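S.K.: The following block contains the structure, expressed as structure tokens.
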Amino acid sequence: MTVNTHKGFAALNRRFILPELREAVRTVGADLVFLQEVLGTHSRHSQTIQNWPQAPHYEFLADTMWPQFAYGRNAVYPRGHHGNALLSKFPIVQHRNHDVSLSGVEKRGLLHCTLRLPGRALDVHAICAHLGLSEVQRDQQLELLCHIVRDEVPPDAPLIVAGDFNDWRGRAHKILEEGAALHEVFVRAQGRAARTFPARFPVLPLDRIYVRNAGVHAPVVLPRRPWSHLSDHAPLVAEITL
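Per this note's numbering, the sequence shown starts with residue 937, numbered consecutively.
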């Protein structure tokens, strides 16, 4: 599952909905949850919002259902920081956050986790991505992603790359296929990427799930309710066989 948490607030930041989001994510029961725009800390919100959790948001979302989690801090500001995170039911034996921020104020990252599954000779690699708003930046970040895959992921290892690509023109498909042998699960199954933004009336296909050395069964965009009230992005889910 991949979902942009929008820092725990509903669209337009009108309401703090992280507890509701946690319950919705739990109902899906995914083995892996890729999170973007998840808060590590925020000093002002923690003092002014009544039901603000004491733990970082990724730990609060993991709760007792995902015993393993990793966080990659991307954006740091005077009151706190946010980034990408991975929640996992399998052991995370290694993780590394790659800063792929380029010129401008946008801070972006690629969180690369290595997972150990019972009874499997090869570890599974998972990369949580959040790319920039500028097409020029995204093209460079996609090339950096390809380099990371070539340098850090064995060619025969299962690989899942998911997150918010901000790639409304679909340029990532060709770059990732040619540079890292990745294919997008909705494109493979349905002929086009899923529309995920804005969540209430999705028009743009910004969020993606790419795989390599893995099979996919029934990728789905979750129903609008309750998800359209829990983020500005619709979450994506896919069953992946290894």
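The beta-carbon is built from N, C-alpha and C at its ideal position, and this holds for glycine as well.
On a predicted model such as this, the values are computed, not experimentally measured, just so you know.
1. Taking the alpha carbon of residue 1173 as the reference point, which residue from 1144, 1038, 1005, 1090 has its own alpha carbon closest?
2. In the structure shown, what three-state DSSP assignment does residue 1165 receive?
3. Whole-angstrom Cβ separation of residue 1016 and residue 1008, contact assumed at under 8 Å?
4. Would you mind sorting residue 994 into buried or exposed? The rule is 16 or more other CB atoms within 10 Å of its CB.
5. Could you give the first and the last residue of the continuous beta strand (DSSP E) run that contains residue 1005?
6. Can you say whether residue 1171 is buried or exposed, counting buried as having 16 or more other CB atoms within 10 angstroms of its CB?
7. Taking residue 984 as part of the beta strand (DSSP E), name the residues at either end of that continuous run.
8. Rounded to whole angstroms, what is the Cα-Cα separation between residue 1075 and residue 1066?
9. Please state the DSSP three-state secondary structure of residue 1079.
10. Excluding five sequence neighbours on each side, which residues of the same chain lie with their C-beta closer than 7 Å to the C-beta of residue 1036?
11. Quick check: what's the CA-CA separation for residue 1091 versus residue 1060?
12. What are the boundary residues of the alpha helix (DSSP H) that residue 1123 is part of?
13. For residue 1038 and residue 1094, what's the separation of their Cα atoms in angstroms?
M.R.: If we stick to the structure as given:
1. 1144
2. coil
3. Actually they do not touch by this definition, with Cβ atoms about 15 Å apart.
4. buried
5. 1004-1013 is the extent of the beta strand (DSSP E) around residue 1005.
6. That one is buried.
7. That residue, residue 984, is in no beta strand (DSSP E); its alpha helix (DSSP H) goes 979-984.
8. 13 Å
9. In this structure, residue 1079 counts as helix in the three-state DSSP scheme.
10. 1044, 1045, 1046, 1077, 1080
11. Note on geometry: alpha-carbon atoms of residue 1091 and residue 1060 lie some 11 Å from one another.
12. 1121-1126
13. 29 Å
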